[in-house]
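A.B. asks:
Number of protein chains: 2
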Amino acid sequence: MSTGVEASRRATAPTSPGRVGDVRRRNLSLILHQLGLSGQTTRARLAADTGLTKASVSSLVADLVSAGLVMEVGLNRAAERGRPGLGVALNTAAAALGLEINVDYMAAGVLNLAGDLQFHQVVEQHNAGKDPEEVLGRLTELAGQALQQAEAAGLTVHAGGLAVPGLVDTASGRVLNAPNIGWRNVDIAEWAASLVPEGILGTAVFNEANSAALAELWYGHGRGMGNYLFISGEVGIGGGIIIDSGLFAGPGGNAGEIGHIVVDPEGPECSCGGSGCLERYAGQDAVFVRAGIEGGNDAERMAALLEALEDGDEQALAAVRRAGHYLGVAASSTFRLLDIDAAVLGGNFATLERWITPAFHASVEEHAPAVLAADDVVVSGLGRQAALMGAAGSRIRTVIEHPHLLLKQH
Amino acid sequence: MSTGVEASRRATAPTSPGRVGDVRRRNLSLILHQLGLSGQTTRARLAADTGLTKASVSSLVADLVSAGLVMEVGLNRAAERGRPGLGVALNTAAAALGLEINVDYMAAGVLNLAGDLQFHQVVEQHNAGKDPEEVLGRLTELAGQALQQAEAAGLTVHAGGLAVPGLVDTASGRVLNAPNIGWRNVDIAEWAASLVPEGILGTAVFNEANSAALAELWYGHGRGMGNYLFISGEVGIGGGIIIDSGLFAGPGGNAGEIGHIVVDPEGPECSCGGSGCLERYAGQDAVFVRAGIEGGNDAERMAALLEALEDGDEQALAAVRRAGHYLGVAASSTFRLLDIDAAVLGGNFATLERWITPAFHASVEEHAPAVLAADDVVVSGLGRQAALMGAAGSRIRTVIEHPHLLLKQH
DNA sequence: AGAATTAGTTTTCAACATGAACTATATGGT
DNA sequence: ACCATATAGTTCATGTTGAAAACTAATTCT
Chain A
1 MSTGVEASRR ATAPTSPGRV GDVRRRNLSL ILHQLGLSGQ TTRARLAADT
51 GLTKASVSSL VADLVSAGLV MEVGLNRAAE RGRPGLGVAL NTAAAALGLE
101 INVDYMAAGV LNLAGDLQFH QVVEQHNAGK DPEEVLGRLT ELAGQALQQA
151 EAAGLTVHAG GLAVPGLVDT ASGRVLNAPN IGWRNVDIAE WAASLVPEGI
201 LGTAVFNEAN SAALAELWYG HGRGMGNYLF ISGEVGIGGG IIIDSGLFAG
251 PGGNAGEIGH IVVDPEGPEC SCGGSGCLER YAGQDAVFVR AGIEGGNDAE
301 RMAALLEALE DGDEQALAAV RRAGHYLGVA ASSTFRLLDI DAAVLGGNFA
351 TLERWITPAF HASVEEHAPA VLAADDVVVS GLGRQAALMG AAGSRIRTVI
401 EHPHLLLKQH
Chain B
1 MSTGVEASRR ATAPTSPGRV GDVRRRNLSL ILHQLGLSGQ TTRARLAADT
51 GLTKASVSSL VADLVSAGLV MEVGLNRAAE RGRPGLGVAL NTAAAALGLE
101 INVDYMAAGV LNLAGDLQFH QVVEQHNAGK DPEEVLGRLT ELAGQALQQA
151 EAAGLTVHAG GLAVPGLVDT ASGRVLNAPN IGWRNVDIAE WAASLVPEGI
201 LGTAVFNEAN SAALAELWYG HGRGMGNYLF ISGEVGIGGG IIIDSGLFAG
251 PGGNAGEIGH IVVDPEGPEC SCGGSGCLER YAGQDAVFVR AGIEGGNDAE
301 RMAALLEALE DGDEQALAAV RRAGHYLGVA ASSTFRLLDI DAAVLGGNFA
351 TLERWITPAF HASVEEHAPA VLAADDVVVS GLGRQAALMG AAGSRIRTVI
401 EHPHLLLKQH
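Here the protein sequences line up with chains A and B, keeping their order.
Counting with my numbering, you get residues 1 to 410 for the letters of the first sequence.
Counting with my numbering, you get residues 1 to 410 for the letters of the second sequence.
Pasting the structure below:
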């Protein structure tokens, strides 16, 4: 007697036929997924944990081993009676390349199947207004170094992911509009295709905030949270919506743009053409102006703001409190609209944590009381690795969800 | 060479093993889904449309016929050469019961697999503050009449769906909080279980606005839209988010509560405990007060408002324009946040269409320019049938997505 | 009447997970 | 030492499933 759960957690009806082979694809993925949860384990335990039979697990694991996704790691002493199992684990030699282009830096790193960031390099560099070809050229170099290191360490890089601060069309590999670096309708599919020579899965483009939101979910403080709004304070304000332990990307793949929620219908015009957007109240520039901080590049101004806050400068404190207040307004609306009850703050908001979260909390309590528990606001600990790890992690997930793409036979 | 679509349209990794039999379940559903699109067709065309082989289609259709979900409808003259196909179609004798409890009426109807509303009855009745047992008792009577009519017409009612104006827990069959009828934490699972005697799928509870949003998608003006925000103006303001032709229900099943988006951070307190909520600006009571309409029940006041608007009463016009303006603020935020670009207005907002949509459009153009095309705001035509059809339709979808539940053997 | 064309069924086959039987390797008690 | 017991992993027969191809059926065109 069901009361209809299946109708609320909607799984849309299939539009393509199921083949017998789909079952194996699903179970290959299931094994990888379970290995991600269990770490090192044995075939017998995998069978018990997944509900598959021992026979099936053995067969599936054999395929995954020959695809280089799973490795055998000697005996697994269970310290109990019976024959000890042979240890199996995700193959740490399988990896994905993660890249990020941001306003004042670019970064590259290599993430293995188990989620360990193996190499990571950040290059400070101003990318705003630069020619995309030039920026991509330098990124190619940086990626090449990372790939070389990976190869030297015996890793196989199966895919790449690039995070950029703006709207992207992941499907076609284009950056639609990245205002903060001045890119508009840049097609990087061709560039991406040649980037990872061995990676038969190619290189995909992602939105920076969405990538960071996923990085928190998989590798950061969002682990185990399942549902939250990630708010990224870079030059603009980005966001990522995590629902049921997955990204809610929206129909076009660009949901989560919390920076252009209207927080005051009578508010000032925004660069997006609208008015009263959150970004005009809690964006980096808005806060600097309110705090009376002038001159220097972004990093210098942020340093000056932090110093002023440490010194108890009333103008700086008020500016940050105001940002937190409006951030809370936008978050309240989002919580109510999407039925979620937690937030993760990243980017500058993580840096400003001490001063911004009290105002944020108070504002949410005012506008959407009883939604947020005290410990449901978490601050990112991933820093500048977040977007890059999310982009690479998305590709790792692609491998975990579609391992059959890497099987030799067929 | 993929650029990673599969990573953006996230399909979370499986957590349960796939069996060979799952393939058939999926293909049974695929056939029903295609029949819903095609109407009457033939096995050969089904094979061409779905990608399955003719042999598989024949076998699947045979199962569905014996389950009473598909019927053969004589020859299908194609007016071309070759052997004519045997017509097959969704069995119009398979149906679901739809029910709605609202503030000042309750309704019942029976919807068949093809989406035709067979019986439909509305009873004007004030339910606010009444004892749930009493209301459910009267609804049982109404449902009984509908079921009797259905039986007399030879229909088989497989499941039921009830829409209520408030937060529900569909999984456990409870109404968590329905402020406008005064229900709080009412467990109706037991009542629901005994409602549809033959229906082995039971009766499920849904949120009224979400149900109405789905009704628009399947049977109303939302057909073919795929992505939109449905805004329901009843006593409160509800909403439903349709993404990729499915309901985005959120983690708890109650997403879409657009009525409590903050449209003015300095705004008045709301009954929800927050402040500046949309409902305080565009809710029924707020509009009546602004328009200077007093006395009478809701229906009478709405009639008075419409008369005043027709007469060109400036106060009434301003009140409705103001509601449209703030509705546009909340919609703008939603569009940006969720990356959607269309809206469907239902309930009172459909009634007030002529006066409210110009202000709505202007407001969206001001706060989120270039998001909305002129023809991307649509008005519901389903009226009081919307919620009921959505609730029944959700159960019809359950059958279409899980037809194996109704197969005799196994 | 016969060729052409389309619909639908039957037959054969390969992929796949299951379940049971079997082999392999450990521990613990006597 | 030896054997019962327990656990790990493999082998093999079986049932379900859709694909592919051959086949039968029904209609139109010439």
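Glycine is no exception: its CB is placed at the ideal position from the N, C-alpha and C atoms.
Since the structure is predicted, the reported quantities are computational estimates derived from the model, not experimental observations.
Return the residues of the stretch 342-365 of chain B that lie within a Cβ-Cβ distance of less than 7 Å from chain A, sorted by chain order.
C.D. replies: When C-beta distances to chain A are compared with 7 Å, every residue of the stretch 342-365 of chain B stays at or above that value.
A.B. asks: Step through the CB atoms of chain A and report whether any lies within less than 8 Å of the CB of residue 122 of chain B.
C.D. replies: For the purposes of this step, residue 122 of chain B is taken as the residue at position 122 of the second sequence. Cβ-Cβ to chain A under 8 Å: no for residue 122 of chain B.
A.B. asks: Could you check whether residue 102 of chain B and residue 234 of chain B sit closer than 8 Å to each other, using their CB atoms as the reference points?
C.D. replies: By one-based count along the second sequence, residue 234 of chain B stands at place 234. By one-based count along the second sequence, residue 102 of chain B stands at place 102. Yes. Within cutoff.
A.B. asks: Let me see if you follow: with CB-CB separation under 8 Å, is residue 257 of chain B close to chain A or not?
C.D. replies: Looking up residue 257 of chain B in the second sequence gives position 257. Closer than 8 Å to some Cβ of chain A, the Cβ of residue 257 of chain B qualifies, so yes.
A.B. asks: Quick one: residues in its chain with C-beta nearer than 7 Å to the C-beta of residue 380 of chain B, no 5 flanking neighbours on either side, listed in chain order?
C.D. replies: Looking up residue 380 of chain B in the second sequence gives position 380. Around residue 380 of chain B: 216, 220, 221, 344, 345, 346, 350 and 386.
A.B. asks: Per the contact definition of three or more C-beta pairs closer than 8 Å, is the stretch 58-74 of chain B in contact with the stretch 31-47 of chain B?
C.D. replies: yes
A.B. asks: Which one of B:339, B:142, B:51 and B:129 has the shortest CA to CA distance from residue 119 of chain B?
C.D. replies: Here the question's residue 119 of chain B lines up with position 119 in the second sequence. Looking at the Cα atoms, B:142 is the closest of the given residues.
A.B. asks: Near residue 286 of chain B, which residues of its chain fall below 6 Å by C-beta distance, leaving aside the five closest residues on each side in sequence?
C.D. replies: As a first step, residue 286 of chain B is located in the second sequence; it is residue number 286 there, counting from the start. The residues are 280.
A.B. asks: In whole angstroms, give me the CA-to-CA distance for residue 40 of chain B and residue 89 of chain B.
C.D. replies: Position 40 of the second sequence, counted from the first residue, corresponds to residue 40 of chain B. Position 89 of the second sequence, counted from the first residue, corresponds to residue 89 of chain B. In a straight line, the C-alpha of residue 40 of chain B is about 5 Å away from that of residue 89 of chain B.
A.B. asks: List, from N- to C-terminal side, the beta strand (DSSP E) runs of 3 residues or more that fit wholly inside the stretch 67-148 of chain B.
C.D. replies: DSSP runs (the beta strand (DSSP E)) wholly in the stretch 67-148 of chain B: 70-76, 85-90, 94-101, 105-112 and 117-124.
A.B. asks: Under DSSP, the beta strand (DSSP E) around residue 203 of chain A begins and ends at which residues?
C.D. replies: Within the first sequence, the letter at position 203 stands for residue 203 of chain A. Taken as a continuous stretch (DSSP letters only), the beta strand (DSSP E) holding residue 203 of chain A covers 203-207.
A.B. asks: Just reading off the beta strand (DSSP E) that residue 187 of chain B is part of, what are its end residues?
C.D. replies: Here residue 187 of chain B corresponds to residue number 187 of the second sequence, with the count starting at 1. For residue 187 of chain B, the enclosing beta strand (DSSP E) starts and ends at 183-187.
A.B. asks: Under 6 Å Cβ to Cβ from residue 100 of chain A, same chain only, skipping five residues before and after it: list those, please.
C.D. replies: Within the first sequence, the letter at position 100 stands for residue 100 of chain A. Taking residue 100 of chain A as the centre and dropping the five residues before and after it, the same chain places the C-beta of 107, 163, 387 and 388 closer than 6 Å to its C-beta, in chain order.
A.B. asks: Distance cutoff 8 Å, beta carbons only. Does residue 52 of chain B sit that close to anything in chain A?
C.D. replies: In the second sequence, residue 52 of chain B corresponds to position 52, counting from 1. Yes, contact with chain A.
A.B. asks: Rounded to whole angstroms, what is the Cα-Cα separation between residue 289 of chain A and residue 125 of chain B?
C.D. replies: Sequence index remark: in the first sequence, residue 289 of chain A carries index 289 (1-based). Sequence index remark: in the second sequence, residue 125 of chain B carries index 125 (1-based). Between residue 289 of chain A and residue 125 of chain B, the C-alpha separation is close to 58 Å.
A.B. asks: Return helix, strand or coil for residue 25 of chain B, following the three-state DSSP convention.
C.D. replies: The residue given as residue 25 of chain B occupies position 25 in the second sequence. Residue state, collapsed to three classes: helix.
A.B. asks: Is the CB of residue 177 of chain B under 8 Å away from at least one CB in chain A?
C.D. replies: If you number the second sequence from 1, residue 177 of chain B lands on position 177. Judged by the 8 Å Cβ criterion, residue 177 of chain B is not in contact with chain A.
A.B. asks: Kindly identify the DSSP beta-bridge partner or partners of residue 229 of chain B.
C.D. replies: Looking up residue 229 of chain B in the second sequence gives position 229. DSSP lists B:241 and B:343 as partners of residue 229 of chain B.
A.B. asks: Return helix, strand or coil for residue 410 of chain A, following the three-state DSSP convention.
C.D. replies: The sequence position of residue 410 of chain A within the first sequence is 410, counting from 1. Residue placement at residue 410 of chain A cannot be trusted, given a pLDDT of 45 that sits under 50; what the coordinates show is reported in the next sentence. It is coil, neither helix nor strand.
A.B. asks: Just to confirm before moving on: does the CB-CB distance between residue 256 of chain A and residue 209 of chain A stay below 8 Å?
C.D. replies: Position 256 of the first sequence, counted from the first residue, corresponds to residue 256 of chain A. Position 209 of the first sequence, counted from the first residue, corresponds to residue 209 of chain A. Against a cut-off of 8 Å, the Cβ pair of residue 209 of chain A and residue 256 of chain A comes out as a contact.
A.B. asks: Please tell me whether residue 369 of chain A has its Cβ less than 8 Å away from any Cβ of chain B.
C.D. replies: Your numbering for residue 369 of chain A matches position 369 in the first sequence. Yes, because at least one Cβ of chain B sits closer than 8 Å to the Cβ of residue 369 of chain A.
A.B. asks: Just to confirm my understanding: we take residue 76 of chain A, look at its own chain, exclude 5 residues before and 5 after, and list those with CB closer than 8 Å. What are they?
C.D. replies: Start at 1 with the first residue of the first sequence, and residue 76 of chain A comes out as number 76. These residues qualify, in order along the chain: 40, 41, 42, 84, 85, 86 and 87.
A.B. asks: For residue 262 of chain B, return the contacting residues in chain A, with the cut-off set at a CB-CB distance below 7 Å.
C.D. replies: On the second sequence, residue 262 of chain B is found 262 positions in, with the first residue counted as 1. Ordered by position in chain A, the residues that pass the 7 Å Cβ test against residue 262 of chain B are 329, 332, 333 and 367.
A.B. asks: Starting from residue 177 of chain B, trace the beta strand (DSSP E) in both directions and tell me its first and last residue.
C.D. replies: Position 177 of the second sequence holds residue 177 of chain B. Looking at the DSSP string, the run of the beta strand (DSSP E) that includes residue 177 of chain B is 174-178.
A.B. asks: Whole angstroms are fine: how far does the CA of residue 144 of chain B sit from the CA of residue 10 of chain B?
C.D. replies: The residue labelled residue 10 of chain B in the question sits at position 10 within the second sequence. The residue labelled residue 144 of chain B in the question sits at position 144 within the second sequence. The pLDDT assigned to residue 10 of chain B is 44, lower than 50, so where the model puts this residue is not dependable; a value taken from the coordinates is nonetheless given after this. About 43 Å.
A.B. asks: Comparing the C-beta of residue 27 of chain B with each C-beta of chain A, is any distance below 8 Å?
C.D. replies: As a first step, residue 27 of chain B must be located in the second sequence, where it is residue number 27. Residue 27 of chain B counts as touching chain A.
A.B. asks: Among residues of its own chain, excluding the 5 on either side of residue 371 of chain A, which ones have a beta-carbon nearer than 8 Å to its beta-carbon?
C.D. replies: By one-based count along the first sequence, residue 371 of chain A stands at place 371. Within the same chain, residue 371 of chain A has close Cβ partners 332, 335, 336, 341 and 364.
A.B. asks: With distances taken between CB atoms, is the gap from residue 186 of chain B to residue 132 of chain B smaller than 8 Å?
C.D. replies: Taking the second sequence and counting its residues from 1, one reaches residue 186 of chain B at position 186. Taking the second sequence and counting its residues from 1, one reaches residue 132 of chain B at position 132. Yes, the pair counts as a contact, with Cβ atoms nearer than the cut-off.
A.B. asks: Write down the C-beta distance between residue 368 of chain B and residue 324 of chain B rounded to the nearest angstrom, noting that I regard them as a contact closer than 8 Å.
C.D. replies: Here residue 368 of chain B refers to the residue found at position 368 of the second sequence. Here residue 324 of chain B refers to the residue found at position 324 of the second sequence. 15 Å between Cβ atoms; not a contact.
A.B. asks: Grouping DSSP H, G and I as helix and E and B as strand, with all else coil, what is residue 10 of chain A?
C.D. replies: On the first sequence, residue 10 of chain A is found 10 positions in, with the first residue counted as 1. With a pLDDT of 44 at residue 10 of chain A, under the threshold of 50, the modelled position of this residue cannot be trusted, and the question is left open.
A.B. asks: Would you mind sorting residue 20 of chain A into buried or exposed? The rule is 16 or more other CB atoms within 10 Å of its CB.
C.D. replies: Position 20 of the first sequence, counting from 1, holds the residue named residue 20 of chain A. It counts as exposed.
A.B. asks: Provide the residue span of the alpha helix (DSSP H) that contains residue 390 of chain A, from first to last.
C.D. replies: Here residue 390 of chain A refers to the residue found at position 390 of the first sequence. Unbroken alpha helix (DSSP H) run through residue 390 of chain A: 386-401.
A.B. asks: Among A:296, A:375, A:306 and A:283, which residue has its Cα nearest to the Cα of residue 330 of chain A?
C.D. replies: Here residue 330 of chain A refers to the residue found at position 330 when the first sequence is read from its first residue. Closest option to residue 330 of chain A, Cα to Cα, is A:283.
A.B. asks: Can you name the residues of chain B whose CB is closer than 8 Å to the CB of residue 245 of chain A?
C.D. replies: Against the first sequence, residue 245 of chain A aligns to sequence position 245. Residues of chain B passing the Cβ test: 12.
A.B. asks: When you check each C-beta in the stretch 371-405 of chain B against every C-beta of chain A, which residues fall closer than 8 Å?
C.D. replies: 394, 395, 397, 398, 400, 401 and 402
A.B. asks: Just to confirm my understanding: we take residue 315 of chain A, look at its own chain, exclude 5 residues before and 5 after, and list those with CB closer than 7 Å. What are they?
C.D. replies: On the first sequence, residue 315 of chain A is found 315 positions in, with the first residue counted as 1. Once the five neighbours on either side are set aside, the close Cβ partners of residue 315 of chain A are 291 and 292.
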